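This report concerns only the one structure given below.
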Amino acid sequence: GREVDADAAFEVTVYFKDVLNVVPRSPVMVDDVTVGEVSEVERAGWNAKVKLLIRKDVELPDNAIADIRQVSLLGEKYVALEEPTEQEPTGRLAEGDTIVVVEAMKMENVLRAEKDATVAKILAKEGDSLAVDAVIMEFA
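Here the sequence shown is numbered in the working numbering, starting from 29 and rising by one per residue.
Shown next, in the form of structure tokens:
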């Protein structure tokens with residue numbers, strides 16, 4: 029990817045279960061348009077902490093979702109950002125925000141909350157077997 033001017037961008041952190049060969053300078057895209065780049069990738073426990081630089085003129089909701097995709101079958105990986113599909117967009121993504129990608133059973137299961145809240149405590153641990161109605165996190 030081409031370098032993003034840090035003075036004209038804001039930084040967002042995303043936690044992924046697996047970064048699938050995303051590396052610094054990999055593109056960040058919205059609707060197939062490059063809007064930023066990966067600035068840093070590091071391990072955070074069993075997850076990957078990925079810092080993104082996004083152009084300041086890009087407007088995304090605070091509850092935006094992130095996904096790692098591939099340009100083509102053999103193409104480079106990139107981080108895709110988009111509006112949520114299972115809830116109404118709220119707020120605006122800004123400097124210092126964090127997007128957490130919760131992976132449920134290695135499938136794209138939607139985890140629904142009854143209200144907007146902040147995660148206060150995660151009750152499940154890596155590798156735990158969970159019952160269908162198990163409580164996996166508490167909200168503040």
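All C-beta atoms, glycine included, are put in the ideal place defined by N, C-alpha and C. Since this is a predicted model, take the numbers as computed values, not measurements.
For residue i, the first and last residue of its enclosing beta strand (DSSP E)
i: L80; result: N75 to R83
Residue i in three-state terms, based on DSSP
i: A122; result: coil
i: A145; result: coil
i: A159; result: coil
i: K134; result: The pLDDT assigned to K134 is 43, lower than 50, so where the model puts this residue is not dependable; a value taken from the coordinates is nonetheless given after this. The answer is coil: DSSP assigns K134 none of H, G, I, E or B.
i: A37; result: strand
i: I164; result: coil
i: V32; result: coil
i: V128; result: strand
Length of the line joining the Cα atoms of residue i and residue j
i: E136; j: E114; result: Annotation note: pLDDT 46 at E136 (below 50); position unreliable, no value reported.
i: L109; j: A92; result: 7 Å
i: V86; j: V63; result: 7 Å
i: G124; j: A37; result: 11 Å
i: P89; j: V107; result: 16 Å
i: N75; j: K45; result: 5 Å
i: V56; j: V78; result: 11 Å
message = If we require 3 or more residues per run, which beta strand (DSSP E) segments fall completely within the segment 43 to 119?
response = 55 to 58, 61 to 72, 75 to 83, 93 to 98 and 105 to 110
task = Inspect the CB distances between the segment 88 to 106 and the segment 70 to 77 and report whether three or more fall short of 8 Å.
result = no
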